[in-house]
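In what follows, a structure is listed as structure tokens, so that the remarks can point back to it.
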Amino acid sequence: MKGTRVLSLLLWLCLMYFVGIYLFVGGFLLVRLEVNRTSTCGDILEPGDGSGDFCGSQPRFRRAVLIIIDALKIDFARFDPSNTAPRPYENKIPVLEETLSSRPLQSRLYTFRADPPTTTMQRIKGFTTGSLPTFVDVGNNFASSAILEDNLIQQFGKTGKRVVFMGDDTWESLFPKKFHRSLPFPSFN
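In the UniProt record's numbering, the protein residues as written are 1 to 189.
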């Protein structure tokens, strides 16, 4: 009788152990499914909107410059003119504040929040595809392959926009032959 209770308890503990591992692997080590379908001009944004030619509409601006500075803390980018004793990293990029002040309708400073661990490849995939990166993507950072799902760089190219790039060579591996001109720099140098 006592041996049966011990065996039952041991089996129950083993079952709970495997259920815990299953839930952990299923929740923490998510596998992201990529959707290889790309959006087109004829796609309907919301039900009942009717089809519209969104690519044929006139752009608001002739050119746009998007500067993405990866891993720059917002403390470095914000400028506080009333700060009389700034820390070593504060008020060091006044050109951002000058641009924001002189052209408030044409410039923005956005803050992005990322949960650790993050890598350059995860962040690039996140804001170009709109998807959420997974923990498993950390390992893919060292051998990034081309993004096949719908993304901003591909959509800019489809609408005839020229994308010029300068920065981390991870962009080149994620978007091969998608840039009009590129000046990549080694990631791990």
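Glycine is no exception: its CB is placed at the ideal position from the N, C-alpha and C atoms.
Rounded to the nearest whole angstrom, the C-alpha separation of Tyr-17 and Phe-28 is 16 Å.
For a cut-off of 8 Å, the C-beta gap from Phe-165 to Phe-179 is around 5 Å, short enough to register as a contact. Beta-bridge partners of Met-166 (DSSP): Leu-183. Taken atom to atom, the span from the alpha-carbon of Arg-123 to that of Gly-167 is near 14 Å.
Only residues of its own chain outside the window of five on either side were considered, and among them Asp-150, Gln-154 have a CB closer than 7 Å to the CB of Thr-38, listed in chain order.
In the structure shown, Lys-2 falls within a helical segment according to DSSP collapsed to helix, strand and coil. By the neighbour-count criterion, in which 16 or more other beta carbons inside 10 Å mark a residue as buried, Phe-24 falls on the exposed side. Under the three-pair Cβ rule at 8 Å, the segment 84 to 91 does not count as touching the segment 103 to 112. By the criterion of a C-beta distance shorter than 7 Å, Pro-94 is surrounded in its chain by Phe-79, once the five residues flanking it on both sides are discounted. Annotation: the continuous alpha helix (DSSP H) that includes Gly-126 extends over 120 to 129. Under a 10 Å Cβ-count criterion, Lys-2 is classified as exposed, with fewer than 16 other Cβ atoms of the shown protein chains found around its own Cβ. In this chain, the alpha helix (DSSP H) harbouring Pro-94 covers 94 to 102.
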